[in-house]
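Residue numbers (my numbering): 1 to 259. We put the CB at the ideal spot given by N, CA and C, even for glycine. Values in this document were obtained by computation on a predicted structure and should not be read as measured data. The structure under discussion appears below in the form of structure tokens.
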Amino acid sequence: MKRRKITLTVLVGILLLAVCMVIPMKAHADGVHYATISSASITATGSLAGSTTLTATLLNDTDGVAGLTFTSAGTLVIAAPETLKVEFSDNTAGYQSMIISTNNSVSGTGIYTGSGAGAGLVGGTDSTVNAPLHWTVFATQADAAAYSFTTKGDGYVDEVVQYYVADRSEANFDSANALGYASVVSGIADNDGSLANAPYDTATGVDDDSNPATPSQNDGTQRSVTNGEAYIRFAVDYHGVPAQNYSTNSLTLAVVTIS
1 MKRRKITLTV
11 LVGILLLAVC
21 MVIPMKAHAD
31 GVHYATISSA
41 SITATGSLAG
51 STTLTATLLN
61 DTDGVAGLTF
71 TSAGTLVIAA
81 PETLKVEFSD
91 NTAGYQSMII
101 STNNSVSGTG
111 IYTGSGAGAG
121 LVGGTDSTVN
131 APLHWTVFAT
141 QADAAAYSFT
151 TKGDGYVDEV
161 VQYYVADRSE
171 ANFDSANALG
181 YASVVSGIAD
191 NDGSLANAPY
201 DTATGVDDDS
211 NPATPSQNDG
221 TQRSVTNGEA
231 YIRFAVDYHG
241 VPAQNYSTNS
251 LTLAVVTIS
């Protein structure tokens, strides 16, 4: 009897081993056990259409005159009371930036007939002279509205702190270098983008309000946006130009691919 019991035990063990060998290995995921009996695979594809949007709206436009206005009242550096709100988005391939420029060599109001590029505002009576435009950009309307343009010791606008508006007729305007100083918002991805360092703290080179030695309006506050909005202020510098009306109808913002 004892020998028979041993034989049955061995037989049961052999049968269990055989069963285990034919059952698929079990996978474990979060404590759930499953056994793969069979499987099949398919492909999955999708597409997203490219889209770019750009709108510009003048805020604080209360003087009844269309567009930006720079009326001198005895001073030569005049900031427009208006703030330009720009809303943008882009999901296309490549490196996109929003650039600003005039194109004063084309037909229309503000045709420049002098030497050089003739950026900014062009004289209405004497079109051989031009008055440069300068700009700053902010992430909020409040920061833009509170900004005061700064000048150098000679009274001219400090173009290092507040960039000038370039003209498309300038030599090599379409080069990466020129687009760098014309870019208001760089590296646009959907509603995200990096704001130009205009203005910035010239004492430290730090683009924030961390330096107590300089007024906060001279420090670039928030240098990036995630909501697809930017706020631009403009000033004109009338130094060295004769008294007359000045204008341009080609102050343009554009989203471009930089390569």
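Please name the residue in ALA40, SER186, LEU76 and GLU229 whose C-alpha comes closest to that of PHE149. On the sequence shown, position 149 is the one that residue 149 refers to. For PHE149, the nearest C-alpha among the options comes from LEU76.
According to DSSP, ASN130 sits in a beta bridge with which residue or residues? Translated into positions along the sequence shown, residue 130 becomes position 130. Beta-bridge pairing links ASN130 to VAL122.
Neighbourhood of LEU48 by C-beta distance below 8 Å, restricted to the same chain and skipping five residues each side: The residue you call residue 48 lines up with position 48 of the sequence shown. For LEU48, same chain residues with a beta-carbon under 8 Å away, outside a window of 5 residues either side, are ASN91 in chain order.
Between GLY124 and the rest of its own chain, which residues show a CB-CB distance below 7 Å, the 5 nearest in sequence each way excluded? For this step, residue 124 is matched to residue 124 along the sequence shown. Non-local C-beta neighbours of GLY124 in its own chain, meaning closer than 7 Å and more than five positions away in sequence, comprise GLN244, ASN245, TYR246 and SER247, ordered along the chain.
Does DSSP classify ALA79 as helix, strand or coil? The count along the sequence shown starts at 1 and reaches residue 79 at position 79. Residue state, collapsed to three classes: strand.
Give the straight-line distance between the Cα atoms of ILE100 and SER194, rounded to the nearest whole angstrom. Walking along the sequence shown from the start, residue 100 turns up at place 100. Walking along the sequence shown from the start, residue 194 turns up at place 194. In a straight line, the C-alpha of ILE100 is about 15 Å away from that of SER194.
Got a sec, what are the start and stop residues for the alpha helix (DSSP H) GLY46 sits in? Position 46 of the sequence shown holds residue 46. No alpha helix (DSSP H) contains GLY46, which DSSP labels as neither H nor E.
Using CA atoms only, rank isn't needed, just tell me which of THR55, PHE70, ASP190 and ALA198 is closest to ALA131. Locating residue 131 in the sequence shown gives position 131, where the first residue counts as 1. It is PHE70.
Please state if the CB of THR136 and the CB of TYR147 are separated by a distance shorter than 7 Å. Position 147 of the sequence shown, counting from 1, holds the residue named residue 147. Position 136 of the sequence shown, counting from 1, holds the residue named residue 136. Cβ distance < 7 Å, so TYR147 and THR136 count as in contact.
Could you give the distance in angstroms between the alpha-carbon of ASP68 and the alpha-carbon of THR43? Along the sequence shown, read from residue 1 onward, the residue named residue 68 stands at position 68. Along the sequence shown, read from residue 1 onward, the residue named residue 43 stands at position 43. Checking the sequence, you will find Leu at residue 68 rather than Asp. Each residue's alpha carbon lies about 55 Å from the other.
If you check the beta carbons only, do ALA56 and LEU253 fall under 7 Å apart? The residue you call residue 56 lines up with position 56 of the sequence shown. The residue you call residue 253 lines up with position 253 of the sequence shown. Cβ distance < 7 Å, so ALA56 and LEU253 count as in contact.
Nearest-angstrom Cα distance between GLY240 and GLY94? Walking along the sequence shown from the start, residue 240 turns up at place 240. Walking along the sequence shown from the start, residue 94 turns up at place 94. Answer to the nearest angstrom: the Cα atoms are 42 Å apart.
Rounded to whole angstroms, how far is the Cβ of THR83 from the Cβ of ALA40, which I believe are closer than 8 Å? Numbered from 1 along the sequence shown, position 83 holds the residue referred to as residue 83. Numbered from 1 along the sequence shown, position 40 holds the residue referred to as residue 40. Actually they do not touch by this definition, with Cβ atoms about 60 Å apart.
Beta-carbon proximity check, PHE234 vs LEU133, cutoff 7 Å: Start at 1 with the first residue of the sequence shown, and residue 234 comes out as number 234. Start at 1 with the first residue of the sequence shown, and residue 133 comes out as number 133. Yes, Cβ-Cβ distance for PHE234 and LEU133 is below 7 Å.
Cα separation between GLU170 and ALA178? The residue you call residue 170 lines up with position 170 of the sequence shown. The residue you call residue 178 lines up with position 178 of the sequence shown. Cα atoms of GLU170 and ALA178: separation of roughly 9 Å, rounded to the nearest angstrom.
Using a 10 Å radius around the Cβ and a threshold of 16 neighbouring Cβ atoms, would you call ALA231 buried or exposed? For this step, residue 231 is matched to residue 231 along the sequence shown. First, the residue type needs correcting, since residue 231 is Tyr and not Ala in the sequence shown. It counts as buried.
Neighbour-count burial assignment, VAL10, 16 or more Cβ in a 10 Å radius: Indexing the sequence shown from 1 puts residue 10 at position 10. Residue placement at VAL10 is flagged as unreliable, the pLDDT there being 45, under the threshold of 50; a coordinate-derived value is accordingly withheld.
Could you give the C-beta distance for GLY228 and ASN191, rounded to a whole number, given that I count them as a contact under 8 Å? By one-based count along the sequence shown, residue 228 stands at place 228. By one-based count along the sequence shown, residue 191 stands at place 191. Their Cβ separation, rounded to whole angstroms, is 3 Å, which keeps GLY228 and ASN191 in contact under 8 Å.
Best match in THR36, LEU59 and ALA166 for proximity to VAL236 [C-alpha to C-alpha]: For the purposes of this step, residue 236 is identified with residue 236 of the sequence shown, where counting begins at 1. Per the Cα distances, ALA166.
Residue of THR257, TYR238, LEU54 and VAL255 minimising C-alpha distance to GLY74: On the sequence shown, residue 74 is found 74 positions in, with the first residue counted as 1. Cα-wise, what sits closest to GLY74 is TYR238.
Which residues DSSP lists as bridging GLU229, in chain order: The residue you call residue 229 lines up with position 229 of the sequence shown. Its beta-bridge partners are GLU87.
Is ALA56 helix, strand or coil when you go by DSSP? Here residue 56 corresponds to residue number 56 of the sequence shown, with the count starting at 1. The DSSP-derived three-state label of ALA56 is strand.
Could you give the distance in angstroms between the alpha-carbon of ALA213 and the alpha-carbon of VAL157? Locating residue 213 in the sequence shown gives position 213, where the first residue counts as 1. Locating residue 157 in the sequence shown gives position 157, where the first residue counts as 1. In this predicted model, ALA213 has a pLDDT of only 48, less than 50, meaning its place in the structure is not dependable; the value taken from the coordinates is given anyway. Inter-residue distance for ALA213 and VAL157 is about 21 Å (C-alpha atoms, whole angstroms).
Spatial distance of GLY118 from ALA189 (CA atoms): Counting from 1 along the sequence shown, the entry for residue 118 is found at position 118. Counting from 1 along the sequence shown, the entry for residue 189 is found at position 189. Each residue's alpha carbon lies about 33 Å from the other.
Just the C-alpha distance for ILE258 and VAL225, rounded to the nearest angstrom, thanks. As a working note, residue 258 is residue 258 in the sequence shown. As a working note, residue 225 is residue 225 in the sequence shown. ILE258 and VAL225: Cα-Cα distance of roughly 20 Å.
Rounded to the nearest angstrom, how far is the Cβ of SER97 from that of SER186, given a contact under 8 Å? Taking the first residue of the sequence shown as 1, we reach residue 97 at position 97. Taking the first residue of the sequence shown as 1, we reach residue 186 at position 186. That belief holds up - the Cβ atoms of SER97 and SER186 are roughly 5 Å apart, short of 8 Å.
Just mark ALA176 as buried or exposed, buried being the case when its beta carbon has 16 or more other beta carbons within 10 Å. The sequence position of residue 176 within the sequence shown is 176, counting from 1. Flag for ALA176 reads exposed.
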